[in-house]
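Quick note on the UniProt record's numbering: the sequence shown kicks off at 1 and runs consecutively.
In this text, a Cβ means the ideal position worked out from N, Cα and C, and glycines have one as well.
Here's the structure we're looking at; comments come further down.
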Amino acid sequence: MSKMSSPSSMSTLGRFFKFSHHSTPSEDTSVDASTPRSHRSALRSLNYRSRGNSPKAPAASSPAPSTSTQSTAVQSSATAPAEIPKIALATTADAVATPIPIPISTPTQSAPTLTKPASPLLQPSTPPGQSTTALAQSPPPPSKSPAPRQASPSKSPLGKSFLRRSTDMHFPLPLAIRTSLRRASRHSMPPPATNNPAVSGDAAVAGGVSRSESRAKSKQERRRLKKVKHHGSAGSIQPGKTVSSVTPRSSESATATVSTGTNTPREPEHVEFSLGHVTPPPQTTTIAQISSAAAGGISLANTIVAFRARVTTQRRVGSALSFVLLRDGLASVQAVLRDMPIQLVKSVQRLRDESLVEVTGTLVEPPVPVRSASIPTLELRIDALRLVAPVSEPLAFDNYMAPDAMRTRMSNRVLDLRHPANIALFRIRAMVLRKFRESLDAQGFVEINTPKLQPAATESGAEVFKVNYFGRRAFLAQSPQLVKQMTIAADFKRVYEIGPVFRAENSNTHRHLTEYIGLDLEMELQHDHYELLAIVDEMLKNIFAAVQSMPELAEVRKRWPSTDLVWLEKTPIISFETGIAMLRADGADIEVADLSTRDEIRLGELVKAEYGTDYYILDKFPSSARPFYAQRLGDSNFTNGFDIFLRGQEISSGGQRIHDAAKLRRSMRESGIAEAGMEEYLSGFDAGAPPHGGAGLGLERVLMLLLELGDVRYATLFYRDPKSLPVRPPVLPHPAADTTKLQDASLPPPALEDLIANYGDSTNTSWLDERFELWRHPSGGAVAFVRQGKLAIITGNPLCDCTQYTEVIYAFIEYIHTVVKLTPIWLLAGETAQNVLAGVNWRSFTCTDEQRVDQRVVQSVDARKARRVLREGIKVHEVKPDEGFRARVDPAIASWLAHRKGKQIHLTEVRPWVDSAHRRYFAAEKDGVLHGMVVLAQLAPRNGWQVKWALDFPGSANGSIEVLIDYALSVISGPATFGAGVAKRLTPGAHIHGAKAAILGKTYTTLVEGLGLGRKSDFRAKFGIHGEPLWICYPPHGVGILELKNIIKFFEDA
């Protein structure tokens, strides 16, 4: 509808504007923009006189509307026939348009009108079926536009009767009249709410005050009226209270009500304020339905709607005007808050973003298109608003500014998922699932659901989640592979499944999850695996085409820009050897049996350049890169296995399976897979299984590459990776060794091993060496030291609760000075201990770090090296240190010690069997020969585990120790550390500066370079580490040249 800004335009549209005043329900005045000035004056007098005292004024006459445009035909309740009344939404063009009827749900009701009742108590009783809207004494002239046709509710363009066309159109009045209306309205504002019991409970304070009545009021009452005039009704929005307020619009009088019922049952706590009541109230709709109707060319201007939405953001233009962007899913509309008491506007402006509200208002055309909303051609003038769900705490981030770091968004995932791009993304995800089902259903596949608890590992025991199954060991299924094959052996012919897949791979990459949705299929083959490839290819192309045509794709690209996927009608199928040859021709030094992620991406670029496609198939994979059930090509080392690539990365693996039972058993033996636990699987092949093949896809990876999301975590609701499910607040593993509890003096102090497990860090594990002396605090805490010349050398933090550090450290220093009578030097102290010592004027500097495993960026070892170790038949596993294992390890350790060269700097001796109750042991071995051993030591819960020893025995396979360490770290949960390591530079701490700091720094650099102390840190960096400073602390004048030599000797003697 065109914007009406002058009387002439109003006359052209031929609208009838109805104003209701509150003297009697039967009076009304109809006026259009051509009403003479004298009639307007009479109208002002009529509408703003004191309630109940003014005589009836004659209704203003209105000329017939122009026939050059369409008009809105409204039947009043006074003359309504029995049929369902209709409202025609027509265009304002000169050409005659067919009106589109929107039926009103109640047959006997009149067209909806916005009215402003003084109070529910003052509303006149109305016979059933009639509106409470005041009616004009004489009906308006009939419209000359064509009468609207009868239509069923089902043909309503926006759903079943959810929009109402209001006959109360608020048009701009001349400034003089609007000024008079504002002045008149000041004398009809209500008194504030009272605490008088006579009007509490179910009653409400209501009513207007005329000029004559106000003169009779006391001075105090007039002050209260003045306050209401300036501030409107109650101040802020409070849960449990309903506030309704009416402010003047056009020529309507203003009233207000405040109700706080106590006798009636209380509704769920919410807040409501209103500019009036819509009679009859419109049925609830959605912003999306409004958007669809507006996009379909339907004129919705001046239509009353009601919907629920979230406050996306507000633009506050002062205390009396605010623009609110309302969002419901993907659709949004701008709402305008104006002509309300200032206090109510401020209350709305104080709402936090993401608050859930219900709004009722009138759709109007904005002066200019609203670019920030999905409906740019309409805005909502708010008539009523109710707060459904407030946001009680400040949001972690602004969802509609530049995206925050993924970690921040994922830790507040519910808020992040509300973003329209995420809503669109998961609609696309749902479409992918539908197309997967539709394509396979059309090919005669049967959907199945396989069990996720398996008696044995599906493919390899190192990558499964173990669970306790009623005292027996079971595994979460890595894939439905085994059960799929068993259904083919049961003559199901063709099956598929959509279900969760669990992979215990410690891979923190952008394309790996520990739990994802697998799209798996298996089918009987008549000739070869190309039958399978044809079906998978067709299914994927159906998915690609469906996604590319979805309107949600544009919304996703606002957050994750992407290009259209390019695929060919005939998909290129390239052999694995051909792919390797293309990479070698490009200059890559690559093994035949290996294809890393970097190689895959580069090969995708080469294929795109040569074939012009983002989607291709790599066929005939080598057997070394396929699972045990892959069908080989005769006696060759290649299989009928394939990978499918999208934008240069793999999205699917599949191929033909072994169906002969004897060959399957032989392949299992060669792959090191025992038949124990696989009996049910093998029985299907013993009973005769047909040739078959299958494939599996990861839904999240398909979406990541198809939409170029950059990380699979975005494509799943609540991701699971190795860092998910954070550890609960630590609980002491040995409550009896709690130093914060009063110790019984008659009992022996807590064992050192238990104290380390409760409070220790990596350095404390060295206290188990025989050279350390142990001092005890009355609380049960402990500090260990070594006598070295005139020094008492202490390493690590005290073993007690950190809140006891000051008490324990001061008591220990007093003991050293008075009893031991040596100079204390504290090495490898943490930040808290260093601060305590600085408080007694000790000097400190740091040149070492606690090298903790970075749980955010843990990097697995090189995949090529790991595969090489496994191909050599080396078994990597956790072991129990029985006598036989110890007998094999001790000679290997002796040989390892004998082969060490140069000066050795250690804090502790190699004694792996000490405190075995708090140790875990891992070995890499082949045919009984040890290649390496890793020992993990249990620390305080907040510190996790320490890689206490990682021993690479002489003659071991290259890379075996890296694979062993990586496996050990993947088995444990929670934090881990490698222990102390040298820092890159020396950093002065407390009470060290100037020349002394420079001399220390230069000396440290010489020691590091001369002894090669940085090599160990470089090795640890392969696994991803971050350093926490460890401090060297000493008293004033406590360290000279002799003392430095004693410190170095302390480490060399370890």
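Give me the residue from the options with the minimum Cα distance to residue i.
i    : options                : result
T597 : V556, S439, H510       : H510
P798 : L553, V820, L791, I756 : I756
I543 : E883, E524, L565, G587 : L565
P652 : G974, P975, E700       : The question names Pro, yet the displayed sequence has Ser at residue 652. Ranking G974, P975, E700 by Cα distance to S652 puts E700 first.
I625 : S575, L595, E650       : Sequence check: residue 625 is Ala here, not Ile. Nearest of S575, L595, E650 to A625, Cα basis: L595.
V324 : A373, S299, Q343, P341 : A373
H918 : L870, I342, Q938       : Q938
A745 : V388, R776, V317, I382 : R776
I517 : Y810, T639, N449       : N449
I573 : L553, G641, I1025      : G641
I423 : L553, R1020, P390      : L553
S322 : S299, R942, D686, R381 : R381
R886 : T908, F922, V869, L907 : F922
W896 : R867, D927, P881, S956 : S956
A940 : I972, A997, G760, V607 : G760
A288 : S671, A320, P988, L326 : L326
V446 : Y496, T408, L697, K466 : Y496
Y469 : E463, P480, A456, L709 : A456
Can you name, in chain order, every residue of its own chain whose Cβ lies under 7 angstroms from the Cβ of residue i, other than the five neighbours on each side?
i    : result
M550 : I428, M431
T818 : none
S439 : E538, M539, N542
D816 : A small fix is needed here, since residue 816 is Ile in this sequence, not Asp. The residues are A792, L822, P824.
A736 : P750
K452 : L476, A477, P500
A811 : H777
V820 : A792
Please classify residue i as buried or exposed, where buried requires at least 16 other C-beta atoms within 10 Å of its C-beta.
i     : result
N958  : exposed
E269  : Model confidence at E269 stands at a pLDDT of 41, short of 50, so the residue's coordinates are unreliable and nothing is read from them.
W913  : exposed
T740  : exposed
F718  : exposed
S1017 : buried
Q929  : First, the amino acid is wrong: residue 929 is Val here, not Gln. Exposed is the call here.
V869  : buried
R315  : exposed
I999  : exposed
Q548  : exposed
Which residues in the same chain have their Cβ closer than 8 angstroms to the Cβ of residue i, if we skip the five residues on either side of it in sequence?
i            : result
I813         : P824, V840
T639         : K620, F621, P622, S623, R626, A630, Q631, R632, L633, G655, Q656
L969         : N506, V853, V858, V947, A976, F1023
W949         : V910, P912, M933, V934, V935
A687         : A489
Q649         : R511, T597, E600, I601, G604, R701, L705
residue 1135 : The first residue shown for the chain is 1 and the last is 1054, placing residue 1135 beyond what the model contains.
Go through its chain and collect everything with a Cβ distance to residue i's Cβ below 6 angstroms, but skip five positions before and after it.
i     : result
P1035 : W842
A924  : I874, V876, H931, G932, S960, L964
N637  : P622, S623
V712  : R511, L513, E700, R701, M704
R646  : Sequence inspection shows Leu at residue 646; the Arg mentioned does not correspond to that position. So the list reads Y615, L705, once near-sequence residues are dropped.
Exercise. Which ranges would you report for the alpha helix (DSSP H) in the stretch 346 to 426 if only whole runs of at least 4 residues count?
Worked result: Counting only unbroken stretches of 4 or more residues, the alpha helix (DSSP H) elements lying wholly within the stretch 346 to 426 are 406 to 411, 413 to 417, in sequence order.
Exercise. Do the stretch 778 to 788 and the stretch 738 to 751 make contact, defined as three or more Cβ pairs closer than 8 angstroms?
Worked result: yes
Problem set entry | Cβ contact (3+ pairs, closer than 8 angstroms) linking the stretch 840 to 853 and the stretch 978 to 998 | yes
Exercise. Does the stretch 471 to 488 come close enough to the stretch 530 to 539 to have 3 or more Cβ pairs within less than 8 angstroms?
Worked result: no
Exercise. Which residue spans inside the stretch 968 to 1024 form an unbroken alpha helix (DSSP H) run of at least 4?
Worked result: 994 to 1011, 1014 to 1020
For this session: Decide if the stretch 347 to 360 is in contact with the stretch 304 to 318; the criterion is three or more beta carbon pairs, one per stretch, under 8 angstroms apart.
Result: yes
Exercise. Which ranges does the beta strand (DSSP E) cover as unbroken runs of at least 3 residues, wholly within the stretch 726 to 790, from first to last along the chain?
Worked result: Listed in chain order, the beta strand (DSSP E) elements of length 3 or more contained wholly in the stretch 726 to 790 are 773 to 776, 782 to 788.
For this session: Let me know the alpha helix (DSSP H) ranges lying completely inside the stretch 645 to 677, each 4 residues or longer, listed in chain order.
Result: Listed in chain order, they are 661 to 670.
Problem set entry | beta strand (DSSP E) runs wholly inside the stretch 552 to 633, at least 3 long, in chain order | 573 to 575, 615 to 619
Exercise. Just checking, does the stretch 688 to 696 make contact with the stretch 514 to 531 on the three C-beta pairs under 8 angstroms criterion?
Worked result: yes
Exercise. Pairing CB atoms from the stretch 409 to 423 with CB atoms from the stretch 390 to 400, are three or more of them under 8 angstroms?
Worked result: The stretch 409 to 423 makes contact with the stretch 390 to 400, as at least three CB pairs between them are under 8 angstroms.
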